[in-house]
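Right, one structure below, let's go through it.
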Amino acid sequence: MTIATELLQRHLQWLVDDNQHWQELIADDIVWDLPYAPSLGHPLQLDGRESVLRHVSWFVGAVKNFRFFDAVVTATDDPQHAIARVRAEGLISATGRTYRQEYVVFLTARDGRIAHLREYFDPVQAALALDAPIVGVPSRSI
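In structure tokens:
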């Protein structure tokens, strides 16, 4: 196990279930890339601890009983990098709909903390659960 795989496993375990401990994992200058989030009207990138904490607070409030499962965490040749493929599920508070998602997460560690996350997810699944428009799609009949 490398520092990056350990951090990624803890990230998946603690993000929602033990947020106080999760906050200890992240660097002050953390960058969290969300390449598909703009299609939901969310930022492409979260820069710095405060921005990340605001986003996580919103997410925890919006999605009840959220959990990651079936995680496959993979080390790379560089002990500061790890990759995970993980499924997730929760209940959207505002709509009462179940949110099911599959994520791919890339993590970079620095000085024993999470310095960078890059998270890929299916924005259509998120939009359907949130009853949110998909930016750039005039109407949807999904």
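The sequence shown: position 79 = 63 (this note's numbering), numbered continuously. The beta-carbon is built from N, C-alpha and C at its ideal position, and this holds for glycine as well. Predicted, not measured: the structure shown is a model, and the values here were computed from it.
For residue i, the nearest candidate out of the options (CA to CA)
{"i": "residue 44", "options": "-12, 116, 0 and 99", "result": "0"}
{"i": "residue 26", "options": "13, 112 and 107", "result": "107"}
{"i": "residue 77", "options": "-3, -9 and 115", "result": "115"}
{"i": "residue 12", "options": "102, 93, 119 and 103", "result": "93"}
{"i": "residue 84", "options": "112, 18 and 117", "result": "112"}
{"i": "residue 117", "options": "87, 67, -7 and 24", "result": "24"}
{"i": "residue 80", "options": "-4, 46 and -12", "result": "46"}
{"i": "residue 17", "options": "109, 104 and 62", "result": "104"}
{"i": "residue 53", "options": "86, 2, 34 and 62", "result": "86"}
{"i": "residue 109", "options": "95, 96, 82 and 97", "result": "82"}
{"i": "residue 2", "options": "41, 62 and 95", "result": "41"}
Identified DSSP bridge partners for residue i
{"i": "residue 91", "result": "66 and 101"}
{"i": "residue 10", "result": "98"}
{"i": "residue 86", "result": "71"}
{"i": "residue 16", "result": "30 and 101"}
{"i": "residue 118", "result": "Paired residues: none, contrary to the question."}
{"i": "residue 76", "result": "47"}
Contact set for residue i: own chain, Cβ-Cβ below 7 Å, skip 5 residues either direction
{"i": "residue 39", "result": "30"}
{"i": "residue 57", "result": "-11, -8, -7, 66 and 68"}
Under 9 Å between C-beta atoms of residue i and residue j
{"i": "residue 72", "j": "residue 50", "result": "yes"}
{"i": "residue -14", "j": "residue 66", "result": "yes"}
{"i": "residue 59", "j": "residue 69", "result": "no"}
{"i": "residue 102", "j": "residue 19", "result": "yes"}
{"i": "residue 48", "j": "residue 74", "result": "yes"}
Other residues of its chain near residue i: CB distance less than 6 Å, five sequence neighbours each side excluded
{"i": "residue 88", "result": "69 and 104"}
{"i": "residue 6", "result": "-2 and -1"}
Spatial neighbours of residue i in its chain, beta-carbon cut-off 8 Å, leaving aside the 5 residues before and after
{"i": "residue -5", "result": "6, 9, 89, 91, 98 and 101"}
Counting only runs of 4+ residues fully inside the region 29 to 64, write out the alpha helix (DSSP H) ranges in chain order. 33 to 46
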